[in-house]
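These notes concern the structure reproduced below.
There are 2 protein chains.
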Amino acid sequence: MRFFICCLLSAWAVLCAAQPLPSWNEGAAKSGIVEFVKAVTTKGGKDYVPPAERVATFDNDGTLWAEQPMYFQFIFMLDQVKAAAPRHPEWKDNAAFQALVKQDHEALAKLGQKPLLELMGQGNSGMTVGEYDKTIRDWLAKARHPKFKRPYTDLTYQPMKELLAYLRANGFKTYIVSGGSVEFMRPWAEKAYGIPPEQVIGSQQEVKLEMKDDKPVLTRGPNFVFIDDGPGKPVGIYRSIGRRPIAAFGNSDGDLQMLQVTAAGEGRRLALLVHHDDAEREFAYDRQSHIGRLDKAWDEAKAKNWIVVSMKSDWKKIFSFEK
Amino acid sequence: MRFFICCLLSAWAVLCAAQPLPSWNEGAAKSGIVEFVKAVTTKGGKDYVPPAERVATFDNDGTLWAEQPMYFQFIFMLDQVKAAAPRHPEWKDNAAFQALVKQDHEALAKLGQKPLLELMGQGNSGMTVGEYDKTIRDWLAKARHPKFKRPYTDLTYQPMKELLAYLRANGFKTYIVSGGSVEFMRPWAEKAYGIPPEQVIGSQQEVKLEMKDDKPVLTRGPNFVFIDDGPGKPVGIYRSIGRRPIAAFGNSDGDLQMLQVTAAGEGRRLALLVHHDDAEREFAYDRQSHIGRLDKAWDEAKAKNWIVVSMKSDWKKIFSFEK
């Protein structure tokens, strides 16, 4: 049986190598990716990288799935914070709470992630990690995106899922490195992206071990102990992986440092930005956006010849549910 | 070629399954391990666990390699702190520094890990992560253990290395979960144990991203942001793996909570303690030891029927260099 599976896997790998990235149009982005992968996997070539060092890191929001009109985790948070509000009368004077209740996206964006994450931390503080996991799964099962009227987990990008599979078929280990919480991604990342829980790196809320009914349980505290965004991303990668990625993928200024550190390594590297320029099939936003702003990273990409993917022209389809 | 390697791997897996754990004497410890592995890998059996959930976590100091007369990382630290002392005149009033210089092991043990880790943090603060890695590799290359007169990396336990390989051959993912720093283990854990850097969980010192000569580099700060010991171990596992282990291996009270959380999961579980009872071939210590004390965890093991390995009677050899 093991033998048979090996043969099947080999055949599948050959097939993948023959027709990579079917949802990508021919062009500089696709050929840049394919040339990079060929270069680092060709034994004896000057750019060859052993499989163990083929680390690829992907931002999640805006890179692997959509992030408009607001990070999906924040939409979840709104529901969760509303549910917790009766237990927190002190929130009436909290600017982030007020902005959330009013759905004032502009005010929320101006506040930045930190006060929102703090509010969310308080909203689920005291839950065991199992209880918290259940609130996320329950929410994902019933919540629908305001524009697409579909579960949020349908809004993953088909071309990026093909890219993840293509890299893995070529010996890469693929990681998510997101400003969002690990807990919000782990329940569905394996099914959606083929990325197991242990390869999801994200912001971290404090948890502590307690005994309940003579059993040890992990319980959530209110504070975030690590924010995995901007300059935090290379730190999260160093802590969790301990190797410098040779390929990194993002879409906003929050990914700039991850891409810079990746590109600054010795040998051939791939740095890629997804540009949201398709208002019809998804959303169009960049330098002026409050969510997923792409400004400094775009300038850097131009200066350093990183790949910039146009969702409009490089991708045949964005979501798998498109006809 | 890929096909050929698959066949070789299959043949090797069959061979491993036929003669597992050659350095282990027949007895309750070995049979307990083998029965557990058979139970969780037998498809259709009531205890079957899918490969993705076969997570096994190992303490390092005293479980995978020796830890006497003092944690090897602390011996490294002594050298490093001595080298940094001229830059830190304030240390003359520091109790941990005084104990280190005097090699007062009793005082060091009484102080506990925290002040020592703080001192070490100050000793390497300001280094880039690359510079720090080099100091560790250089030290490991030249330092020798006071009793065995060998490099510290020779003092890994042969039976435990066989156990790691046996578990991996049966679809387990093996992790180190240590109170020591990740940086001190990552340079050699893959060669010694077959455990890659991304599967090493340990205490974490702060690092921050800085620009030097127009290049982004990670630089070390003085503070530990996470101590992966005692109740910290289940927290480290939750953060880094996001799955509860089904098997956990330790040797001291610092591993108690990791073993408790592992054993408290649903389904068949394996919790194992290594008991240092061989003064001739290694060291003998338990309830009264300042380093690697085994007291509460031993009581728990007896109460809960965990496996307790006698190094003296369960292991044919301890180190690979023994005749």
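If you read the protein sequences in the order shown, they are chains U and H. The opening position of the first sequence corresponds to residue 101 in my numbering, with each subsequent residue numbered one higher. The opening position of the second sequence corresponds to residue 101 in my numbering, with each subsequent residue numbered one higher. Just so you know, even glycine gets a beta-carbon here, dropped at the ideal spot from N, CA and C. None of the values given here were measured: they were computed from a predicted structure.
CA-to-CA distance, residue j to residue i, given in whole angstroms
| i | j | result |
| --- | --- | --- |
| Phe-197/H | Asn-125/H | 43 Å |
| Ile-276/U | Pro-322/U | 24 Å |
| Ala-156/H | Asp-204/H | 36 Å |
| Leu-240/H | Ile-418/U | 51 Å |
| Tyr-92/H | Gly-354/U | This structure cannot speak to residue 92/H, because chain H is shown only from 101 to 423. |
| Glu-298/U | Ser-278/U | 13 Å |
| Ile-175/H | Thr-362/U | 34 Å |
| Asn-186/H | Arg-268/U | The amino acid occupying residue 186/H in the given sequence is Pro; Asn does not appear at that position. Near 49 Å, if we compare the C-alpha coordinates of Arg-268/U and Pro-186/H. |
| Lys-396/U | Leu-356/U | 8 Å |
| Cys-116/H | Lys-242/H | Confidence is the limiting factor: at Cys-116/H the pLDDT is only 47, short of 50, which leaves the residue's position unreliable and the question unanswerable from this model. |
| Pro-437/U | Met-220/U | Since the first residue of chain U shown is 101 and the last is 423, residue 437/U is not available in this structure. |
| Ala-64/H | Thr-163/H | In the structure as shown, chain H begins at 101 and stops at 423. Residue 64/H is therefore absent and cannot be evaluated. |
| Thr-253/H | Leu-394/H | 23 Å |
| Phe-158/U | Glu-400/H | 43 Å |
| Tyr-232/H | His-376/H | 32 Å |
| Gly-212/H | Phe-326/H | 15 Å |
| Met-286/H | Gly-294/H | Here residue 286/H turns out to be Arg, not Met, going by the sequence shown. Taking the straight line from one Cα to the other gives about 11 Å. |
| Met-374/H | Glu-262/H | Correcting the residue type first, residue 374/H is Val in the shown sequence and not Met. If you take the alpha carbons of Val-374/H and Glu-262/H, they lie about 15 Å apart. |
| Gly-330/U | Phe-349/U | 13 Å |
| Ala-379/U | Met-411/U | 10 Å |
| Lys-146/H | Gln-305/U | 36 Å |
| Thr-235/U | Gly-392/H | 40 Å |
Residue i, buried or exposed, once every other Cβ within 10 Å from all chains shown has been counted against 16
| i | result |
| --- | --- |
| Asp-313/H | exposed |
| Glu-135/H | exposed |
| Met-101/H | Confidence at Met-101/H is low in this model, with a pLDDT of 49, below 50, so its placement is unreliable and the value that follows should be read with caution. Under this definition Met-101/H is an exposed residue. |
| Tyr-338/U | buried |
| Gly-365/H | exposed |
| Phe-383/H | buried |
| Ala-424/H | What is shown of chain H runs 101 to 423, which leaves residue 424/H out entirely. |
| Trp-406/H | buried |
| Arg-381/H | exposed |
| Asp-161/U | buried |
| Ser-413/H | exposed |
| Glu-206/U | exposed |
| Arg-244/U | exposed |
| Gln-173/H | buried |
| Pro-151/U | exposed |
| Met-260/H | buried |
| Arg-387/H | exposed |
| Gln-119/U | exposed |
Backbone secondary structure at residue i - three-state DSSP
| i | result |
| --- | --- |
| Arg-339/H | helix |
| Gln-258/H | helix |
| Met-227/H | coil |
| Met-94/H | Because chain H in this structure spans residues 101 to 423, residue 94/H falls outside the shown range and cannot be described. |
| Gly-162/H | coil |
| Met-101/H | A caution first: Met-101/H carries a pLDDT of 49, below 50, which makes its placement in the model too unreliable to give a value. |
| Gly-354/U | helix |
| Ile-407/U | strand |
| Gly-132/H | helix |
| Glu-206/H | helix |
Endpoints, alpha helix (DSSP H) assigned at residue i
| i | result |
| --- | --- |
| Gly-223/H | 213-224 |
| Ile-346/U | No alpha helix (DSSP H) holds Ile-346/U; DSSP gives it neither H nor E. |
| Asp-414/H | 411-414 |
| Met-177/H | 172-184 |
| Ala-199/H | 195-201 |
Delimiting residues of the beta strand (DSSP E) encompassing residue i
| i | result |
| --- | --- |
| Arg-424/H | With chain H represented from 101 up to 423, any question about residue 424/H goes unanswered, as that position is not in the structure. |
| Glu-153/H | First-last for Glu-153/H: undefined, no H or E at that position. |
| Thr-142/U | Here Thr-142/U belongs to no beta strand (DSSP E), and DSSP marks it neither H nor E. |
| Thr-274/H | 273-281 |
| Asp-329/H | Asp-329/H -> no beta strand (DSSP E), and no H or E assigned at all. |
| Val-374/H | 370-377 |
Within-8 Å CB hit, residue i to chain B
| i | result |
| --- | --- |
| Leu-318/U | Reference to chain B is not applicable here, since the protein chains of this structure are U and H. |
Could you name the residues of the region 358-371 of chain H whose beta carbon sits closer than 8 Å to any beta carbon of chain U, in the order they occur along the chain? Of all residues in the region 358-371 of chain H, those with a C-beta nearer than 8 Å to a C-beta of chain U are Gln-360, Val-361 and Ala-364, reading in chain order.
Using a beta-carbon distance cut-off of less than 8 Å, what residues from the region 334-358 of chain U approach chain H? Answer set for the region 334-358 of chain U: Pro-334, Val-335, Tyr-338, Arg-339, Ser-340, Ile-341, Gly-342, Arg-343 and Gln-357.
Listed from N- to C-terminal order along the chain, which residues in the region 190-214 of chain U have their beta-carbon within a distance smaller than 7 Å of any beta-carbon of chain H? Only those residues of the region 190-214 of chain U whose C-beta falls short of 7 Å from the nearest C-beta of chain H would be listed, and there are none.
Interface residues of the region 271-282 of chain U facing chain H [CB-CB below 8 Å]: Taking 8 Å as the Cβ-Cβ cut-off against chain H, the residues of the region 271-282 of chain U that qualify are Lys-273 and Val-282.
If the cut-off is 9 Å on Cβ atoms, which residues from the region 403-418 of chain H count as contacting chain U, listed in chain order? Cβ contacts with chain U come from no residue of the region 403-418 of chain H.
Check each residue of the region 218-245 of chain U: if its Cβ is closer than 7 Å to any Cβ of chain H, include it; give the result in chain order. Those residues of the region 218-245 of chain U that come within reach of chain H (Cβ to Cβ, closer than 7 Å) are Val-229.
Mind listing which residues of the region 247-266 of chain H have their C-beta closer than 9 Å to chain U's C-betas, in chain order? Of all residues in the region 247-266 of chain H, none has a Cβ within less than 9 Å of some Cβ in chain U.
What residues in the region 375-400 of chain H have a beta carbon less than 9 Å from any beta carbon of chain U? When C-beta distances to chain U are compared with 9 Å, every residue of the region 375-400 of chain H stays at or above that value.
Residues from the region 129-160 of chain U in contact with chain H, defined by Cβ distance under 9 Å: Taking 9 Å as the Cβ-Cβ cut-off against chain H, the residues of the region 129-160 of chain U that qualify are Ala-152 and Val-155.
Mind checking the region 285-299 of chain H against chain U and listing, in chain order, the residues whose C-beta falls within less than 7 Å of any C-beta there? Against chain U - using a Cβ distance shorter than 7 Å - the residues of the region 285-299 of chain H are Arg-286, Pro-296, Pro-297 and Glu-298.
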